[in-house]
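The next block holds one structure in the form of structure tokens; read it before the comments.
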Amino acid sequence: MVADHAGSSAEDLYRTVRLIRRFEERAIELVRAGNVASGIHPCIGQEAVAAGIGAVLRHDDVMMTSHRGHGHNLAKGSDPARLLAEILGRTTGVARGRGGSFHPLDFTAGIYGATGTLGHGGPMAAGVAWALAQDGTDRVAMCVFGDGAVNQGALLEGLNLAALWQVPAIFVCENNHYATTVPVQVVVAGSIIGRAAAFGIPASSHDGMDPNVVLAATEQAVARARSGGGPSFLEFSTYRYEGHHTFELSAGLRYRGDDEVAAWRARDPVELQGRRVRVQRRQEIDAEVDAVIDAATKFALDSPEIEFDEGLDYLYATKMRLRPGADNA
Amino acid sequence: MVADHAGSSAEDLYRTVRLIRRFEERAIELVRAGNVASGIHPCIGQEAVAAGIGAVLRHDDVMMTSHRGHGHNLAKGSDPARLLAEILGRTTGVARGRGGSFHPLDFTAGIYGATGTLGHGGPMAAGVAWALAQDGTDRVAMCVFGDGAVNQGALLEGLNLAALWQVPAIFVCENNHYATTVPVQVVVAGSIIGRAAAFGIPASSHDGMDPNVVLAATEQAVARARSGGGPSFLEFSTYRYEGHHTFELSAGLRYRGDDEVAAWRARDPVELQGRRVRVQRRQEIDAEVDAVIDAATKFALDSPEIEFDEGLDYLYATKMRLRPGADNA
Amino acid sequence: MPSLSYLKAINRALGDEMERDRTVFVLGEDVREGLTNATVGLLVRFGPERVLEAPISEQGFTDFATGAALGGRRPVVEYQVPFLLLLVLEQIANQANKISLMSGGQAGVPVTYLLTPAGRRAGWGAQHADQPYSVFGHLGVKTVLPATPADAYGLLISAIRDDDPVVVFAPIEAHGVRESIAPADLVPVPLGVGRVHRAGADVTVLAIGHLVHDALAVADELDGEISVEVFDPRTLYPFDWNGLAESLDKTGRLVVFDDSNKFCGLAAEVLATSIEQMRLVAPPARVTRPDSAIIGISAAADRALLPSREQLAAAIRRTYKNGR
Amino acid sequence: MPSLSYLKAINRALGDEMERDRTVFVLGEDVREGLTNATVGLLVRFGPERVLEAPISEQGFTDFATGAALGGRRPVVEYQVPFLLLLVLEQIANQANKISLMSGGQAGVPVTYLLTPAGRRAGWGAQHADQPYSVFGHLGVKTVLPATPADAYGLLISAIRDDDPVVVFAPIEAHGVRESIAPADLVPVPLGVGRVHRAGADVTVLAIGHLVHDALAVADELDGEISVEVFDPRTLYPFDWNGLAESLDKTGRLVVFDDSNKFCGLAAEVLATSIEQMRLVAPPARVTRPDSAIIGISAAADRALLPSREQLAAAIRRTYKNGR
Ligand SMILES: Cc1ncc(C[n+]2csc(CCOP(=O)(O)OP(=O)(O)O)c2C)c(N)n1
Ligand SMILES: Cc1ncc(C[n+]2csc(CCOP(=O)(O)OP(=O)(O)O)c2C)c(N)n1
Ligand SMILES: [Mg+2]
Ligand SMILES: [Mg+2]
């Protein structure tokens, strides 16, 4: 199990990247088996980013994650069993199965958002961060998004708000070099960090395949936010091995070459971090993680699905009810 | 009358700033007299920007202007009489009275847009410029907007598109230091030109009170665009003496001090440019301009208003008709 | 008894709620100056941290409000022009309004979206006079349209206290309405509960927003000839179907007087539901804007396009004669 | 005779129009790869200048298309998710769609907005299954919903050639439909003209989009018991009121089968107009989504929320019995 938060020792980081890797592999198996109606956006290859930021954030910090967010949830402290149940749309899930793989909101772990509307988590995170600061706490809010989302105007508007009001927010761009099938250089003029810098936000680019590098960069940014120093922007260069979404398992898209994938796999974060842990300890952690995944799978598969008549439970916080679509409904 | 385009001699520039000044003064009188339902956003004080850019653009170039756009129309070649008629909602107006002061579209003068939605003229201008380039011409498109509009995400999205596709567009920010009642520094983090530079667009700031300065900066940017060098971004520092909108004549807002207004008036562009013209010539031009304004006023006031049943003419390019709101309508 | 204006009622509701609940704050353009009058004086009373001057970034600050709400605040976001609610529709309807469900009930989003200048602004051109409230109802966003100062006060208070997103349309053409009412009589008005402004026996006129006052004037004109009941749902969504049904149980005749576009507008919904479920002795009628008019370019043309008292009177007479 | 799939029909329409008219180009996300299949092969045929790969900047590229149209082009802008049409609603309805009027007829804006995956995507969560077409009709934007491959081809061609903005919704649940048709028989289908898919004497079922096929199946089930006419308006706005009136002149009975939210949705408009203006011998009925449902979080729950064949059959039977 991941603890309150993931911890930052070499072993902790290894446990996290390994947990995310095995979790996603299991999730893909479950997609193949037809248990996940939405399919998933696997983060396999990007585990170092999640592990690094998760090791720095506190449990009471807030994160707005993305559609490729399972790793963020896990690193931030979501219960793997309840996260997997969520992905399978079970009522025991972190969001009672109503969020699914794309929106596994988990307030117990500080996961306040995962909006389908790319980039819009940015201004939301600025709003959360503003509220946290108003409360006089040193809690921070982080938003994670991709290289494609940096082209969404609302995200840039959010950077301006964060800079104007010096909120304790950290904006993290996981640059995995593609937005679905589109290479980043085809759609991003100038540089990604240059956009944040234009608002006077400290912005830097880093290797996103090494948990230690991510951790070090994140520590600086989080420290700045906690001490009232305002927002930061971090870009991590990373890669998703499995493609954009599990539909690629069958779709056969041609937007990238196998050699490219192989080159990135050669820098695999799980392998890299694994080499930083004594072999025997590593085997223990692997076994521990496998047990967690197996237990999570059993828990998820044994959990109840949303019933026929439960679709609109929670539609309104005030429990307001709707008229049906047909009189005999 | 202003010619095909405004011309760039000292006299030409003086004629243009003087024309705009007198045009706006007359428009304000007509607002006071109750002839302009919308009121206007006077550009008095900002004439140098309009005159400078108008002297560089060709008649067949395209401009997307703003709600404070009368000066741009005039400098680009709109007939003052038909522009004034437009502002008065007369069917002889440049847009048959359907655009009014806020949207005096005039395709005969290359004024393709003046959207109420701040900032959105930017991506539209990128689209026009792209089409012009596809046609193999050396025509360019310019978009003019204020310091407040640079906070609209869609404008920043448009800068990215313009930079990616290297379209012949010139983005002009008239920084008059306020968005309605809000000082620019309260809402703009970082710098205005920094935002354009972040997309790799050449961007520079200039004095917007001197027509010569505006002209020189604009010539460079337009030359770059015509020669396939891509987009540019120009910021001109200027000021509106009369306030945001003629409602301020009565509203009595307190967001700025008289001393500030006085300081800017001391750098009045009409006076400045007037000193560059021989006294006698200046008097001739003034008389000429006054005659144009008087003729325009007569033309506008004598022109027919939109009839009761003409409200939805032109609603669709295809002349489609609507059902009325009541059966007995 | 002091006379309260519509805008003053909104201003007082904001002040009272900010006083009562320190999690309430306002966010928008020119809110410190109080350009629309809704926020006048709040900066001095509550300071800059609770009167946030926003850049012209409506999407961004609408999302920001969602985040602030998730962080425990009750934001009131003000917009200056009707089309700005279309600009941020996705952030309200697809994001803020879905978080309760998407989170499995872990969080609500208690944001109030206040369009102080709703509807027509005579002569301000094609982009300043839309009335898109039906769109928010269609997408399930709670939406209110107060007609009177007391209702403006009471509905805005309830909107701010509601745990879901609520859009408040304050029609420009109601801003001039004044009401003699003692401050003590200003109370919250529950969402989803209509109000009979005038009792009548023959025809029910359902009017909402500023048109309530025109409906009352027409009802008075017809007094003696036809006994008209004027029902104001006050909330567009959720709609007070019971209140309407009660009125129709009496009159059996319905005319809907609505300032939105005809096609798929509120009036269409009211007609459809009334014939599906309510007592009607004659076919119901509606008086609305045309299918999808553009209002605002010309006062003369607007008169031909906007729902008018003459049209309402004629529709009432037709409906009254029908089925006799 | 070759069998044509719905998506292939869209793809062919794009190719044919781009071939015929060099001012036509496509713009959108993943259009070069042809992720949705709508644009497959176009890059190779027409090159990168006419297949523009856009950043994730929907508002920006929607405005860009408006500008390109003013510059003489006929852009086809593709969107990947229904909520993206809400994200750009203001740019379409308040900007592009108003330029003809605002310019006093100086310019039209011939842009086609193509939502290839319209409507429900089973299990994709709360933000991937909306069906907001009624909103575009309410705001006066021409809107089409083809039900068959031939109509998808013909309506898309007409949308591209139309001088006003047109939104094309291609329901995901119709993507599987195939039709045996010779390429030569693929012709433009005029906007605003409906189609009787099945003639009947007792009850008219108005269905649109993918629901047309469910309506036909139900009509067959009821064959012998009730003679059902299935009318598909094909265009949501402008609506083919004459076509509907003709059908009701025969049957006098109406059931509307519509995948949009009930409150202020298309079905409400059709019910309202039918009782105002058409021959009805029994009260009309509608089968729709609930007032403002969120679809997509669970296949089981969706079945309880989406308009179903069972609901339609029951509504037809009720309407048939009524007034006898
Ligand atoms: C505003 C918006 N536009 C388009 C989409 C459809 N979409 C979902 S994921 C995706 C690609 C995102 O790329 P990126 O931001 O780089 O994140 P990654 O998938 O690479 O992690 C797109 C276009 C969306 N969800 N929201
Ligand atoms: C997107 C949008 N938000 C708000 C408004 C309302 N509004 C009209 S003008 C204006 C101020 C614009 O300031 P600026 O861009 O600096 O131009 P200026 O008026 O100073 O010339 C505002 C907020 C609008 N028209 N569009
Ligand atoms: Mg990416
Ligand atoms: Mg300004």
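Protein chains in written order, with our numbering: chain A, 13 to 341; chain B, 13 to 341; chain C, 55 to 378; chain D, 55 to 378. Beta carbons: idealized from backbone N, C-alpha and C, even for Gly.
- Taken in chain order, the unbroken stretches of alpha helix (DSSP H) that lie wholly in the region 97-135 of chain C and span 4 residues or more are 112-124.
- Listed along the chain, the chain B residues whose CB falls inside 9 Å of the CB of residue 199 (chain A) are 172, 176.
- Assigned with DSSP and collapsed to three states, residue 152 (chain C) falls in helix.
- Around residue 229 (chain C), no beta-carbon contact reaches into chain D at under 9 Å, the shortest distance being about 23 Å.
- In the three-state DSSP reduction, residue 189 (chain B) falls in the coil class, being neither helix nor strand.
- Of the heavy atoms belonging to ligand 2, at least one sits nearer than 7 Å to the Cβ of residue 138 (chain C).
- The C-beta distance from residue 132 (chain B) to residue 149 (chain D) rounds to 6 Å, short enough to fall under 8 Å.
- Within chain C, not a single residue places a beta-carbon under 7 Å from that of residue 167 (chain D); the smallest gap is close to 15 Å.
- Straight-line measurement puts the Cα of residue 307 (chain C) at about 6 Å from the Cα of residue 334 (chain C).
- Any heavy atom of ligand 3 within less than 6 Å of a residue's beta carbon puts that residue on the list, which reads A:158, A:159, A:160, A:188, A:190, A:191.
- Along the length of the region 200-238 of chain B, whole beta strand (DSSP E) runs at least 3 residues long occupy 215-219, reported in chain order.
- Membership of residue 251 (chain D) in the beta strand (DSSP E) is indicated by the continuous run 249-252.
- Judged by the Cβ position, residue 50 (chain B) fails to qualify as a neighbour of ligand 2 at the 7 Å threshold, every heavy atom of the ligand being at least this far.
- Contacts with chain D at 8 Å (Cβ-Cβ) include residue 193 (chain C).
- Cβ-Cβ separation between residue 311 (chain D) and residue 366 (chain D): approximately 5 Å, consistent with a contact (criterion under 8 Å).
- In this structure, residue 272 (chain B) has its CB at a distance of at least 7 Å from all heavy atoms of ligand 1.
- In this structure, DSSP gives residue 307 (chain D) a state outside helix and strand, which the three-state scheme calls coil.
- Annotation: residue 331 (chain B) is outside any beta strand (DSSP E) and is labelled neither H nor E by DSSP.
- Non-local C-beta neighbours of residue 346 (chain C) in its own chain, meaning closer than 7 Å and more than five positions away in sequence, comprise 315, 317, ordered along the chain.
- Going by DSSP, residue 286 (chain C) is part of the beta strand (DSSP E) stretching over 282-286.
- Its Cα nearest to that of residue 103 (chain C), the residue A:147 stands out among A:147, A:72, A:136.
- Out of B:163, B:164, B:169, the CA that lies nearest to the CA of residue 163 (chain A) is found in B:169.
- Ranking D:208, D:255, D:275, D:177 by CA distance to the CA of residue 48 (chain A) puts D:177 first.
- Taking the C-beta atoms as reference points, residue 264 (chain D) is found no nearer than 8 Å to residue 323 (chain D).
- Within the model, the alpha-carbon separation for residue 302 (chain B) versus residue 260 (chain C) is close to 55 Å.
- At least one CB of chain B lies nearer than 8 Å to the CB of residue 115 (chain D).
- Fully enclosed beta strand (DSSP E) runs of no fewer than 3 residues occupy 166-172, 196-198 of the region 147-216 of chain C, in order along the chain.
- Around residue 246 (chain C), the same chain offers 289, 292, 293, 294 as residues with beta carbons nearer than 8 Å, after the five sequence neighbours per side are excluded.
- The CB of residue 60 (chain A) never comes closer than 8 Å to any CB in chain B; the least such distance is about 27 Å.
- Under the Cβ criterion (8 Å, minimum of three pairs), the region 71-91 of chain A counts as touching the region 150-164 of chain A.
- Within the model, the alpha-carbon separation for residue 248 (chain B) versus residue 227 (chain B) is close to 11 Å.
- Between the region 190-209 of chain B and the region 18-38 of chain B, the count of Cβ pairs shorter than 8 Å is below three; the stretches do not touch.
- By alpha-carbon distance to residue 372 (chain C), the top candidate from C:244, C:205, C:258 is C:258.
- In terms of beta-carbon proximity, residue 118 (chain D) lines the interface with chain B, with at least one pair separated by less than 8 Å.
- Here residue 137 (chain C) carries a helix assignment [DSSP, helix/strand/coil].
- The C-beta of residue 92 (chain A) has 16 or more other C-beta atoms within 10 Å across all chains shown, which makes the residue buried.
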